[in-house]
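Here the structure comes first, spelled out in structure tokens, and everything after it is commentary.
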Amino acid sequence: MTYSDYEKQLQSAAALSIGTCWSQGRSAFGGLTAALILAHIELQEDLSGRDLCTINIHFCGPTIADEPCEFRHKVLSKGKSVMQVEGQLLQGGEVKTQIIACFGVQRFANLQITPATKMFPEKSMQVPFIAQLMPEFVQHLDMKYTSEHMPFSGSSEARVSGWVRFAEAPPVFTDAALVALIDAWPPAVLPMLERVAPSSSITWNIEFLNPRAELNASDYIYYECEAVQAAAGYAHTEAKIYHQDGQLMALSRQMVGVYEKKVT
């Protein structure tokens, strides 16, 4: 199933299951679980005139493939300008992913700060999906790396960058679809590791810059991420996400757990 197939299921079903082809280790792809909660909110609430401003995500436990997922949401506050909504994905009555999304109405403002237009690297490397070596969900993406070092290559740099879009473009490109794409990349610390080690995002925050350029479903987005600190099994990363015209669209931060084995 494609990403858009899951969005369609949400329109008519109270629950759905995520297939193993969207897995990431022992869990379903976290970007998909967060995106589907947001898509559920977009379907259930009238958000006309409001832009998605921020989304805070907590991955509370693994979402098991091929098991029913239930979606819930609750409006926490709704003012003239800002609306905040909590959403959850549950399995067996337990919360697996939780988000709080903030939507805002654009207002008059004299204050204007415009980020510089991004100049992108000229070279990129297409990354084909390789079964058993890559997470299963990667088969649904079209990815091109611009950073030099792949995960587990023993690099001296904790950095990941490149272009990404869906391998099969959805008919309509939603904010939820953008959330899924932003999470496509491996944590920026993994290129520094010399041996394969499991990792998982624990918390994730995205801030969306508004107004922003419209994305077509076939457009690539550019992702650029660096680790700012890592110790004691946890890493903190910061990323910028750009429209292909060079406009900064979003800022992303994650706390990632890295599970290395002690070498004796």
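Residue numbers for the sequence shown follow my numbering, so the first one is 8 and each next one is one higher. Ideal Cβ placement from N, Cα and C applies to all residues, glycine included. What you are looking at is a predicted structure, and each value in this text was computed from that prediction instead of being measured.
Query	Result
Cβ contact (3+ pairs, closer than 8 Å) linking the stretch 79-97 and the stretch 210-225	no
Span of the beta strand (DSSP E), counted from its first residue to its last, around Lys15	From DSSP, Lys15 is part of no beta strand (DSSP E) but of the alpha helix (DSSP H) over Tyr10 to Ser19.
Ile48 burial status per 10 Å Cβ neighbour count (16 or more: buried)	buried
Cβ-based burial, Glu201 [other Cβ within 10 Å; buried from 16]	exposed
Own chain residues within Cβ distance below 7 Å of Glu101, not counting five before or after	Gly68
Coarse secondary structure for His47, derived from DSSP in three states	helix
Where the beta strand (DSSP E) through Asp149 begins and ends	Leu148 to Tyr152
C-alpha gap between Val171 and Asn117, whole angstroms	35 Å
Length of the line joining the Cα atoms of Ile107 and Thr271	43 Å
Chain-order list of residues whose beta-carbon lies under 7 Å from that of Val203 (same chain, five-residue window excluded)	Phe159
Cβ shell of Thr40 (< 6 Å), same chain only, five flanking positions each side left out	Thr70, Leu96 and Thr104
Pick from Lys268, Gln254, Tyr249 and Ser207 that is closest to Ala242, judged by C-alpha positions	Ser207
Rounded C-alpha distance that separates Ala165 from Ser19	43 Å
Cα-Cα separation, Ala138 to Tyr10	19 Å
Proximity winner among Pro198, Val145 and Ile44, relative to Glu175 (alpha-carbon distances)	Val145
Reduced DSSP category for Thr40 - H, G, I as helix; E, B as strand; rest coil	helix
Beta strand (DSSP E) runs wholly inside the stretch 128-194, at least 3 long, in chain order	148-152 and 166-173
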